[in-house]
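Notes for the one structure printed next.
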Amino acid sequence: MLVVAALGGNALLKRGEPLTASTQRANVQIAAKSLAAIVRAGHDLVVTHGNGPQVGLLALQGAAYKPDEAYPLDVLGAETEGMIGYIIEQELENALNHDRPVATLLTQVVVDQDDPAFEKPTKFVGPVYEREEAETRAKAAGWHIAQDGDKWRRVVPSPKPLEIPDMRVIRLLLDKGVVVICAGGGGIPVLRRDDGSTVGVEAVIDKDAASALLAQQLEADALLLLTDVDAIYRGFGTPSAAAIDCLSVEQARTLELPAGSMGPKLTAAADFAARGGLSGIGRLEDALAILDGQAGTRILD
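The numbers in our numbering rise by one with no breaks, and the one at position 269 of the sequence shown is 281.
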């Protein structure tokens with residue numbers, strides 16, 4: 013099978029951990045073992061990943077240096093694709109004993125300049141703050157902020173991904189047996205001008221939505237959205253909570269979930285499954301078991 017595996021933020025950084033290179037590498041080493049198991053089982057693999065904390069940190073660093081010359085979010089997104097992709101690529105090569113080529117591709121993703129997301133930022137980036145500090149920073153820097161759990165974070169526009177211009181390169185790599193790491197952080201957001209040229213735009217695309225689009229355009233067999241939760245739960249957070257092992261697309265679209273990161277994952281999973289593929293949501297370390305129907309929540313048309 014051709015499998016697209018989307019690594020949740022926990023694959024790089026667990027909540028409360030310091031955003032250091034050593035911390036991220038230690039987490040990626042764990043992720044690489046799970047991804048290597050998919051390859052060793054005979055499947056072709058494409059890996060995507062998030063970048064919210066990293067792109068936010070780069071924005072803070074840039075503003076601290078020369079606020080008037082800070083790089084825009086599309087450039088920072090490209091930087092995180094290279095930085096995170098490098099760590100994943102190296103640790104996955106190590107986990108595979110260098111028996112399979114692995115490559116990271118900076119990936120542009122086209123969005124619509126009239127997307128309503130530009131008027132209503134929702135995508136969390138950067139570190140968490142207490143409310144007072146978040147409001148102070150927002151006032152000074154012109155940020156939008158929103159509550160994230162019991163903390164507050166910066167939010168930026170997250171437009172819907174429409175097209176992946178680099179698809180031909182991804183297919184070329186797959187045809188040569190390469191494990192491809194691409195569309196990191198949802199890809200680099202770009203607009204397509206009337207003359208067909210592209211230009212970057214200030215946004216961060218949702219990683220799960222971009223992964224679903226990528227899986228659709230590759231005609232992948234499976235999309236795995238890997239996180240730190242073992243499955244989707246009915247009645248999550250209540251005494252009667254129960255894990256769901258399988259959902260139809262219709263059930264997935266109508267299931268009510270508490271606000272948080274699982275909602276976008278379920279939407280992306282349903283979008284892909286509606287086109288005939290297998291979608292799975294579950295723990296990173298259960299990736300192969302999710303494919304085999306032995307763990308996680310599977311969404312099927």
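The beta-carbon is built from N, C-alpha and C at its ideal position, and this holds for glycine as well.
Let me check one thing: in DSSP terms, what residues is residue i bridge-paired to?
i: Y83; result: According to DSSP, which records beta bridges pairwise, Y83 is partnered with nothing at all.
i: F284; result: Answer by DSSP bridge pairing: none, since F284 is not bridged.
i: Y98; result: Looking at the DSSP assignment, Y98 forms no beta bridge with any residue, so it has no partner.
i: V16; result: V58, L235
i: W164; result: Y141, Q159
i: L290; result: A234
i: A255; result: Y245
i: P201; result: V121
i: I193; result: V59, T116
i: R295; result: T239
For residue i and residue j, I'd like the C-alpha separation in whole angstroms.
i: D81; j: Q66; result: The residue you asked about is not Asp; residue 81 is Glu in the sequence shown. Their backbone Cα atoms lie some 19 angstroms apart in a straight line.
i: T35; j: D207; result: 44 angstroms
i: S223; j: V140; result: 25 angstroms
i: D187; j: K163; result: 45 angstroms
i: R287; j: R112; result: 30 angstroms
i: V137; j: G196; result: 14 angstroms
i: A115; j: I96; result: 12 angstroms
i: D313; j: M274; result: 19 angstroms
i: V213; j: L203; result: 7 angstroms
i: H110; j: Q41; result: 15 angstroms
i: L184; j: A227; result: 15 angstroms
i: L108; j: A17; result: 16 angstroms
i: V241; j: K219; result: 17 angstroms
i: D283; j: I200; result: 21 angstroms
i: Q263; j: A254; result: 15 angstroms
i: A158; j: L300; result: 35 angstroms
i: V261; j: L278; result: 10 angstroms
What did DSSP end up calling residue i once you bin it into helix, strand or coil?
i: K188; result: coil
i: R265; result: helix
i: A53; result: coil
i: G308; result: coil
i: P171; result: coil
i: I182; result: helix
i: R37; result: helix
i: S260; result: strand
i: L108; result: coil
i: L117; result: coil
i: K132; result: coil
i: I42; result: helix
i: A215; result: coil
i: E29; result: coil
i: P177; result: coil
i: T250; result: coil
i: G154; result: coil
i: L47; result: helix
Could you check where the beta strand (DSSP E) with residue i kicks off and where it finishes?
i: I302; result: Where I302 is concerned, there is no enclosing beta strand (DSSP E), although the alpha helix (DSSP H) it sits in stretches over 299 to 303.
Where does the unbroken alpha helix (DSSP H) through residue i begin, and where does it stop?
i: T210; result: Counting along the chain, T210 falls outside any alpha helix (DSSP H), though it belongs to the beta strand (DSSP E) covering 210 to 212.
i: P65; result: 64 to 77
i: L226; result: 219 to 230
Stretch-stretch touch, CB-based, cutoff 8 angstroms, three pairs: the stretch 233 to 248 with the stretch 150 to 169: By the Cβ criterion, the stretch 233 to 248 is not in contact with the stretch 150 to 169, since fewer than three pairs of Cβ atoms, one from each stretch, lie closer than 8 angstroms.
Touch test, the stretch 177 to 192 against the stretch 52 to 61, Cβ-Cβ under 8 angstroms, three pairs minimum: yes
Three CB pairs or more closer than 8 angstroms across the stretch 162 to 181 and the stretch 28 to 46: Short answer: they don't touch.
The stretch 98 to 107 / the stretch 173 to 180 touching (three or more Cβ pairs under 8 angstroms): The answer is no - the stretch 173 to 180 does not touch the stretch 98 to 107, with fewer than three Cβ pairs under 8 angstroms.
Stretch pair the stretch 82 to 95 + the stretch 43 to 55: three plus CB contacts closer than 8 angstroms: no
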